[in-house]
Every structure is written in C-alpha cells, then in structure tokens.
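Below is one structure, written out as structure tokens, with a few remarks after it.
Number of protein chains: 2
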Amino acid sequence: MSQSFPSLADIRAAHERIQPFVHRTPILSSTAINEIAGCEIFFKCENFQKVGAFKARGAANAVMKMTDEQKSKGVATHSSGNHAAALARAAKVAGIPAYIVMPSNAPEIKKKAVKGYGGEIIECEPNLKARETTLEEVVKKTGATFIPPYDYMDVIEGQATCALELIEEQADLDVILAPVGGGGLLGGTALAAHYLNPNIEVIGCEPKGADDAFQSFYAGKLIPQSGPNTIADGLLTSLGFLNFELIKTHVSAIHLATDPQIIEAMRLIYERMKIVIEPSCAVPLAALLADQDSFSGKKVGIILSGGNVDLGKLPF
Amino acid sequence: MSQSFPSLADIRAAHERIQPFVHRTPILSSTAINEIAGCEIFFKCENFQKVGAFKARGAANAVMKMTDEQKSKGVATHSSGNHAAALARAAKVAGIPAYIVMPSNAPEIKKKAVKGYGGEIIECEPNLKARETTLEEVVKKTGATFIPPYDYMDVIEGQATCALELIEEQADLDVILAPVGGGGLLGGTALAAHYLNPNIEVIGCEPKGADDAFQSFYAGKLIPQSGPNTIADGLLTSLGFLNFELIKTHVSAIHLATDPQIIEAMRLIYERMKIVIEPSCAVPLAALLADQDSFSGKKVGIILSGGNVDLGKLPF
C-alpha cells in the first residue's frame, strides 16, 4: 500500500492495471432530464460496472497491487454492500480466497453476489464494533490482508479512475457531483479533477439522514455518523480519515438531499433513462434538483455509483 | 402510403428519413446472461429509443411521408400504448395535431406520455369495436390521416430500420428473436433480415396467454386473438394482415413463453443488465431460456422493444 496520496501518474497506472478487469462505463445523457434540470448532465454509469458498482475499481486495484506472498493468504473485509462483492470478485479473478464479514441484515442480493463470486461470508451483528471484532478474528486466523472499503490509499486510487475516464471524455465540465458515504469515491474524484482540470468544481452529495460528511466538512473536523436514517443504504457509514483530508482540500461543498427528493430523482432516472440504479446513486441528481439555480446552464458530471437494488423493495 | 412491401432501398430511405428524429440505439451484451443462456446474445436496446420504444421509428416514418395537405389536418390513431406516444411525438416534431383514441384502462404512464407530447386523448371503452368507432368519428370530424399501429406499410417500413441497424453492426448473427403482438416489428425485422442476410433465421416470440400469431402461423390462416391474458400488455392485439403475409414468408417459427417465464427473464435483465424494460420486451429472452438447446452456442440478436413500464406495478 502506498504511503502518500496518489499522484496523477499513480492514478493512470491504476487505470492501466485494472483495465482488464473492469468496464470502461458509458456516459449517458437525457434530453428530458436536462430540460427538467435546466443544465446539461453527463451521467457516468457505474451501475453498468462489473459487480454493478464503482467499487469494482478500488477492490481490483488493491488486490492487483498485493505481493504474491500476501495474495497466497487471501483478502478480508467487512462491508454491508458493494465493496463486499467487489472484493470477492477481485479475489476470484486473482485466484485467491476472500473472507467477507457482513452484518446479518445486509440485503439478500448483496449476500448472493458475494457467494456467486466464491467469497466466504462470515455474518455478525449489524454494528460497527461487531464488524471490526469479527474481522480481527478472521484476519488473525487466516493471515488474510484487510482491504478496507474506502479509507485506504489503494482503494481511493482505484476509485479515482472513474473521474479520470469521465474527464478524459468530457473535459469541459463545470462541476462534478458524486455521492459521499465513506468518501472513497468522492476523495478519488476530487483528486482526479484536481490533477486533470482544477477549474472543475467537485461537490459531494449526501442524504440528509446520514449527513456526517456535511457536518464534518463545515465544522472542519471529523464528526462520526450516529444513527443514520435514509433510504440511501450505501451511504450510511462514517467518512474515512484519508478521504476527509482529500475532501477538505479539493471539494468545494457538500450538498444534501432528503429521502423524498432521493426517491423522486431515482424515479426520474428509471423513467427517463430506462436504467436501474440503487437509491444512493440518485443522491447527486436529487441534490442538484433541490438547488437548480446553482447549476443553471452548467455542464455537470454526475457519477451514478451503482445499480444493486433489491427489486422487490423499490420505493415506488 | 406505399402499395407493396418495402424494398431494401425503401428501408434504407426510411432509415435516412427518420434518422434526425430517433436514436441509433446501442447493442448491449451481458456476460452473466450469456453464461446462463449458453449462447451469445446481442440486445438491440429500443427501450432507450425516443418515447421508450421502437414504435418511434414507424410513427416517424409514416408522418414524414405524408403530403403537406395531409399534414395540415393532422394524424389520428387508436392505441393502448407505445404507438400512441410515438405518433403524438412524431406529430409534435412535424408541427401537426395528433388525435389519439385510448381505452379508458390504458396505463397512466402511457396517457401521460401522449399528453406530454401535446397529443389530444379521446377516451373510449376498452374494446376493439369502441376504439374503431371512436376513431372513425374523430377522422370524420377532423379530416386527420389514420396511422394504424402496425398493419400499415409505412409503419412496417419504419420498424424494419431497427433490424437494419442490428444487422449492420452484427452481420454474423445466426438468429434474431423479436416479440410479436400486431406484428409490425416482427414483419419489419423479417423483411430486413431477408434482404441483408437470408441466412439469419427470424423467430417471433409470443406470450402463451396471447398466442394468436402462434396459432395463425401453424394453421396457415389468420386466427384473431380472443381473451388475451398475459402480463405482456404490449402484445395483446391480433396479428395484422400485412404482417401475417410477411411472417408466413420470412419467419421460421413462433416460440411461446409463459408469464412466469416472462417475469423471470424480465428480472434477469433488470438485475444483470441494470436496464428498465417493459414485460413484453422480456418475451424473447424468456422463450430462449425455455428452449436453450435450440440456441446453444449461437449468436442471437434480441430486439428489446420498449421500456415503458408502470414502476409502481413491477411484478417483483
């Protein structure tokens, strides 16, 4: 694992490294949504990514950077969602074991995905302490390398490749919106934009019911998330330490969206773009529509982070 | 309106004519679905088409071929669904009025679409007789040109442009599967394949609960649909006369799928491809999965016909 924040060369090397294992996802636009929003939006569709989420990038990068000795003992993590599947898949591609600690209430579709990639699931109580304790035991027993979901340099470096592709194809963006949970995607996005075109403003978008990044950003210190309550189940975690450093330096604002706004934006994307996204993924469009004047006439990149939703539990 | 079946030159001219008004839709594949199906599938994504369905092609072609005098009085049709929105939009683009007779039980999303394009909706009882009588009155009153949903040469010619694009990009297909309701899409597809590569087998796919095309095809005479009962609400109508002629000549078989098979295939497309389709659209994949041996190892084109589904009424 690298010791300092990735350079542009590091991000480009990561992009090269993971390229055989992930999709270069399409960038889509919708005339109808542009008309509603009053600006020009370029959606980077990571819902079409391998494992259905941008997390495939960071996990692949972290696994491919491990030494052969590390690889022989496998990887481990705790995750309620997409990082779990992403790490299990990266391990499968590398031919090594993956031990995934998951809260017992994790969505069925996400457990199924981990098992589908041959990952070994170790269930625990649905709280951070239980997840950390269980993971410690697994690592002690197996010698596996812990690959954290977001607060980890090689993961951030991998997630940065998404904005790299977006900006390569659409260099004249005024602003990029990305959702923020743990901050791996937002941190990586901010770093890539900073290197490639510092005129692009990067804004984090967060559900009002899990607004620790918003609180932390404006207080200037990390304030952990407590009692999150939102439909955006991929954004419940607290902001990571490394990611907060990146966000403080390279992100210009955090915008919020309420659950009804998130559901409305999600529905708009299903109806007008005919694509499947998970609720967390709708947060940036929801935040944009809640504050249209700020984006009027601009060219806006939005990272659609993932499409792993329990179809039986859609909010409409 | 042309008097004989369109030639290849006619279909190419239609493609040119409608090109400014419709999308060239992408062709997508899914490794996961290919593995499940045991063959290589190329999905032509007309769910991403303007108005969310291939119907945009036929309607645009028919409207653009009208004389100025005809145009001045507008167009009229009866349709429970996508043709209604497609004709309303084509009329809007051409700057002429559209009178749309719709059964009172048509899905809300489809009525909304027609209104959104400025079409005038005339509601009637949900049966063919009421639709035809109401339409006759409208045409008599307004002088509008009736553009039928499928049994109409200029509409068939427009629908044929979809397979034209598919075969242009993927010339080595062994077989193309298209859903069949009224038969405009299947007829146009069969005609295009016949001209461009007669080695491509064209198979119609129909819900078991509305199997008049199957019955007609194997009886060698038109047997109208009575009492259709299927979730595939875009395929309830009876096969058209012109389309039956095309299908008898250029289609090699009609395959059936039950509603549970249709729902399963629909779910597979949502989960694995992360795209939104309507139930009718899942019929070809459902038919393929119900008879995998017939397609084993083949290159299969599937036309995904549309994505206009009431999200509040998904069958999962």
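Respectively, the protein sequence lines represent chains A and B.
One gets the working numbering by counting positions in the first sequence from 1 and adding 1014 to each.
One gets the working numbering by counting positions in the second sequence from 1 and adding 1014 to each.
Where is the CB? At the ideal position from N, CA and C, for every residue including glycine.
Bear in mind the structure is a predicted one, so any value in this text is a computation, not a measurement.
Cutoff 8 Å: residue i Cβ touching any chain A Cβ
i	result
L1282(B)	no
V1290(B)	yes
N1061(B)	yes
L1199(B)	no
F1330(B)	yes
Residue i: first and last residue of the uninterrupted beta strand (DSSP E) it sits in
i	result
L1270(A)	A1267 to A1271
I1135(B)	E1134 to C1138
DSSP three-state assignment for residue i, whether helix, strand or coil
i	result
P1221(B)	strand
E1116(B)	The sequence given here has Met at residue 1116(B), not Glu. Here M1116(B) sits in strand by DSSP.
G1320(A)	strand
K1313(A)	strand
T1148(A)	helix
K1058(B)	strand
A1246(A)	coil
A1304(B)	coil
L1328(B)	coil
V1128(B)	helix
L1253(B)	coil
L1236(B)	coil
I1123(B)	helix
I1041(B)	strand
Neighbour flag for residue i against chain B, beta carbons, 8 Å
i	result
G1066(A)	yes
E1285(A)	yes
N- and C-terminal bounds of the alpha helix (DSSP H) containing residue i
i	result
H1037(A)	Careful: H1037(A) lies outside any alpha helix (DSSP H) and carries neither H nor E.
R1286(B)	No alpha helix (DSSP H) contains R1286(B), which DSSP labels as neither H nor E.
N1048(B)	T1045 to A1051
A1074(A)	K1069 to M1078
A1227(B)	D1226 to A1233
Below-8 Å beta-carbon distance, residue i vs any chain E residue
i	result
F1056(A)	Judged by its chain identifiers, the structure shown contains no chain E, and its protein chains are A and B.
Quiz item: Taking any Cβ of chain A, which residues in the region 1021-1053 of chain B have a Cβ under 7 Å from it, in chain order?
Solution: none
Exercise. Write down every uninterrupted run of the beta strand (DSSP E) in the region 1152-1197 of chain B whose length is 3 residues or greater and which is fully enclosed by it, in chain order.
Key: 1189-1193
Quiz item: Using a Cβ cut-off of 9 Å, which residues of the region 1100-1122 of chain A contact any Cβ in chain B, in chain order?
Solution: none
Self-check item: Against chain A: residues of the region 1307-1329 of chain B by CB proximity under 8 Å
Solution: G1321, L1325, G1326 and L1328
Quiz item: Can you give, in chain order, each stretch of the alpha helix (DSSP H) that sits fully within the region 1081-1105 of chain B and has at least 4 residues?
Solution: 1082-1087
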